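Only one structure is covered here, and it is reproduced in the block below.
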Amino acid sequence: MIAKGHDIPRVTLVGVVNSDIGLSMPDFRAAERTFQLLTQVAGRAGRGNMPGRVIFQTTSPDHYAVRYAAAQDYEGFYAKELEFRRAMRYPPFSALANLLVRHPDLATAQQLTNRMQEFLLPAPKGMHVLGPAEAPVPRLKNEFRFQCLVKSPSRRTL
-12 MIAKGHDIPR VTLVGVVNSD IGLSMPDFRA AERTFQLLTQ VAGRAGRGNM
38 PGRVIFQTTS PDHYAVRYAA AQDYEGFYAK ELEFRRAMRY PPFSALANLL
88 VRHPDLATAQ QLTNRMQEFL LPAPKGMHVL GPAEAPVPRL KNEFRFQCLV
138 KSPSRRTL
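Taking this note's numbering, the leading residue of the sequence shown gets -12, the next gets one more, and so forth.
Here it is as structure tokens:
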């Protein structure tokens, strides 16, 4: 079943296999996206006057995104997610830029990535450069991809 956009009548049970797989993504929004997907899936069961049930298969039953999604607790998730982002200085408490290098030749892509790093370092005061590293999708459309993440206290300083 697709999580978004379909209203299938008389569906009363929805199961989600590997419901927490998105939590392992290298993205500060992984918990938000997991919570969003799970709450959308949960909304597919028990529409109308029929009661519904949702079962999440997870290896992380104590993760706050899974717990709050199971409880349909939007406010609880929002508060916990903001607490996490404040502690880690992620948006909206900072600004981020993802700089992507891509090239069909691996050696050239690596050289360009090294030049980008030389340009960025040393980072100005208050800014942090994370990487370079292979992009989460390291090869796409016959191009090799590398990235640097630049974190700054504000968009202005970015």
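We put the beta carbon where it would ideally sit given N, CA and C, even for glycine. Bear in mind that the values here come from a model prediction, so they are computed numbers and not experimental data.
Asked, Found
"Rounded C-beta distance between ALA52 and THR21? I'm assuming under 8 Å.", "5 Å"
"Just how far apart, CA to CA, sit GLU130 and PRO91?", "4 Å"
"Could you give the DSSP three-state label for ARG76: helix, strand or coil?", "coil"
"Between the C-alpha atoms of PRO109 and VAL116, what's the straight-line distance to the nearest angstrom?", "9 Å"
"Going by DSSP, what residues sit across from HIS115 in a beta bridge?", "LYS138"
"Using the three-state DSSP reduction, which class does VAL(-2) fall into: helix, strand or coil?", "coil"
"Between the alpha carbons of PRO48 and ILE42, how many angstroms are there, rounded?", "12 Å"
"Please report the residue range of the beta strand (DSSP E) in which PHE43 lies.", "40 to 43"
"Using three-state DSSP, classify ALA82 as helix, strand or coil.", "strand"
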